[in-house]
Amino acid sequence: MSEFFDFLRQQSGKLTEQILTHVGLTFLSLLGALLIGLPLGVGITRYKKLAAPVLGIAGVLQTIPSIALLGFLIPLLGIGVVPAIFALFLYALLPIVRNTYVGIEGVSPSLTEAARGMGLTDFQVLRQVELPLAMPVIFAGIRTATVINVGVATLAAYVAAGGLGEFIFGGIALNNTPMILAGAIPAAGLAVLFDVLLARVQKLKGKRVVQAAGFFLLLLPPLSAFYWLPKANQTKLLAGFAHEFIGRADGYPGLVKKYGLRITPLLIDQNLMYEAVYRGKVDVISGYSTDGRIKAFGLRVLKDDKVA
0 MSEFFDFLRQ QSGKLTEQIL THVGLTFLSL LGALLIGLPL GVGITRYKKL AAPVLGIAGV
60 LQTIPSIALL GFLIPLLGIG VVPAIFALFL YALLPIVRNT YVGIEGVSPS LTEAARGMGL
120 TDFQVLRQVE LPLAMPVIFA GIRTATVINV GVATLAAYVA AGGLGEFIFG GIALNNTPMI
180 LAGAIPAAGL AVLFDVLLAR VQKLKGKRVV QAAGFFLLLL PPLSAFYWLP KANQTKLLAG
240 FAHEFIGRAD GYPGLVKKYG LRITPLLIDQ NLMYEAVYRG KVDVISGYST DGRIKAFGLR
300 VLKDDKVA
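This is how it looks when you write it as structure tokens:
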């Protein structure tokens, strides 16, 4: 355990950045899922013929393994934050759409008929009767989507989107247990923390749950902005390095020591590095001089003059 705590002390700044990025990824995708999922869930309560197809498609998307989904998205969206956010958005969509539909459908028809009898329009019935009564069920879906996204967001590191997955994948590549735990424990802690907090909100009654839900929705944009906080310290020159290169003394640390480099290193899977520099996501990578993609992509090999 001493090695683990030593690692945390040495990498406290990097860990803070990864936690902020992880939270930002989680809530940025959740915000998108809410903006699409809530209206979609309400819509299929009005057009019930669409309910089965919409819920079926959303269910199929959620059954696709997360790493396979990223594999589908990389050729379409490239690497970086866009495919990561889109994948998390798809995973969060089903619980929100389904619970919105189930919650509104669970409202007693006698209550909605009484509201219409008092002269309320369909929109007023939705806003003043159906949504407040369905809010505990809807919020349960938001809670589920949040916890799912915290877990799946660890895979964002695979496509160079950052997050706590950087330590997890790096630790696996380097057989470094403290590094793995430094990513896994905070990720699990975030999932438990958000689950407990949202569970307490879900247990509120009457107007309090509606007010709490509204406050939570107002918090989503600031929480989503956490993703960009670590970016403020980035240098103009970006480097994409494999986990092994960034963790070895004769890799990135050696370059910093010999050349005094001050660049922002991004952890990228070695199979995606060449595409990253080709697409302009990074400026330099740690590649292999004999790799055929160097010639195919028109890349240039830099000489190590100081033998770092």
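Residues in the sequence shown are numbered consecutively from 0, following numbering that gives the first Met the number 0.
Cβ atoms here follow ideal geometry from the backbone N, Cα and C, with glycine treated the same way.
All of these numbers come straight from a predicted model, not from anything done at the bench.
Give every residue of the same chain whose Cβ lies closer than 6 Å to the Cβ of residue i, excluding the five residues on either side of it in the sequence, and list them in chain order.
| i | result |
| --- | --- |
| residue 39 | 96 |
| residue 196 | none |
| residue 180 | 3 |
| residue 76 | 82 |
| residue 282 | 236 and 237 |
| residue 25 | 148, 149 and 152 |
| residue 36 | 92, 95 and 96 |
| residue 271 | 78 |
| residue 212 | 134 and 138 |
| residue 276 | 284 |
| residue 186 | 153 and 163 |
| residue 182 | 163, 166 and 167 |
Looking at C-alpha atoms only, which residue of the options is the closest neighbour of residue i?
| i | options | result |
| --- | --- | --- |
| residue 305 | 103, 150 and 249 | 249 |
| residue 259 | 251, 266 and 265 | 251 |
| residue 98 | 68, 54 and 72 | 54 |
| residue 188 | 161, 178 and 149 | 149 |
| residue 190 | 207, 153, 282 and 279 | 153 |
| residue 68 | 50, 87 and 56 | 87 |
| residue 192 | 44, 177, 143 and 281 | 143 |
| residue 74 | 274, 168, 301 and 107 | 274 |
| residue 287 | 176, 301, 278 and 108 | 301 |
| residue 0 | 125, 176 and 41 | 176 |
| residue 267 | 117, 45 and 172 | 172 |
| residue 303 | 211, 289, 257 and 111 | 257 |
| residue 108 | 52, 84 and 44 | 44 |
| residue 85 | 185, 30 and 213 | 30 |
| residue 216 | 8, 184, 169 and 145 | 145 |
| residue 269 | 255, 263, 261 and 244 | 244 |
| residue 12 | 289, 298 and 229 | 229 |
Can you name the residues that DSSP bridges to residue i?
| i | result |
| --- | --- |
| residue 240 | 266 |
| residue 284 | 239 |
Where does the unbroken alpha helix (DSSP H) through residue i begin, and where does it stop?
| i | result |
| --- | --- |
| residue 134 | 130 to 151 |
| residue 70 | 65 to 76 |
| residue 114 | 108 to 116 |
| residue 302 | Run containing residue 302: none; DSSP gives neither H nor E here. |
| residue 261 | Looking at the DSSP string, residue 261 is not in any alpha helix (DSSP H), and its letter there is neither H nor E. |
| residue 4 | 1 to 9 |
| residue 98 | 80 to 104 |
| residue 290 | No alpha helix (DSSP H) contains residue 290, which DSSP labels as neither H nor E. |
| residue 202 | First-last for residue 202: undefined, no H or E at that position. |
| residue 273 | 272 to 277 |
| residue 51 | 50 to 62 |
| residue 121 | 121 to 124 |
| residue 250 | Here residue 250 belongs to no alpha helix (DSSP H), and DSSP marks it neither H nor E. |
| residue 166 | 164 to 173 |
Short check: CB of residue i to CB of residue j, under 9 Å?
| i | j | result |
| --- | --- | --- |
| residue 285 | residue 253 | no |
| residue 18 | residue 219 | no |
| residue 27 | residue 226 | yes |
| residue 21 | residue 155 | yes |
| residue 166 | residue 14 | yes |
| residue 114 | residue 123 | yes |
| residue 16 | residue 161 | yes |
| residue 158 | residue 279 | no |
| residue 23 | residue 198 | no |
| residue 71 | residue 178 | no |
| residue 58 | residue 49 | no |
Within a Cβ cutoff of 7 Å, which residues of the same chain sit near residue i, ignoring the five residues on either side of it in sequence?
| i | result |
| --- | --- |
| residue 61 | 90 and 93 |
| residue 136 | 98, 101, 102 and 105 |
| residue 131 | 209 |
| residue 292 | 273 |
| residue 174 | none |
| residue 10 | 181 |
| residue 296 | 273 and 277 |
Below 8 Å CB to CB, which residues in the same chain sit around residue i once its five sequence neighbours on both sides are set aside?
| i | result |
| --- | --- |
| residue 201 | 135, 138, 139, 142 and 208 |
| residue 128 | 106, 110, 111, 114 and 119 |
| residue 126 | none |
Can you find a CB in chain C that lies within less than 9 Å of the CB of residue i?
| i | result |
| --- | --- |
| residue 117 | No chain C appears in this structure, which consists of one protein chain only. |
Could you tell me if the beta carbon of residue i falls within a distance shorter than 8 Å of some heavy atom in the ligand NAP?
| i | result |
| --- | --- |
| residue 260 | Absence of the ligand NAP is noted for the structure shown, with no ligands found whatsoever. |
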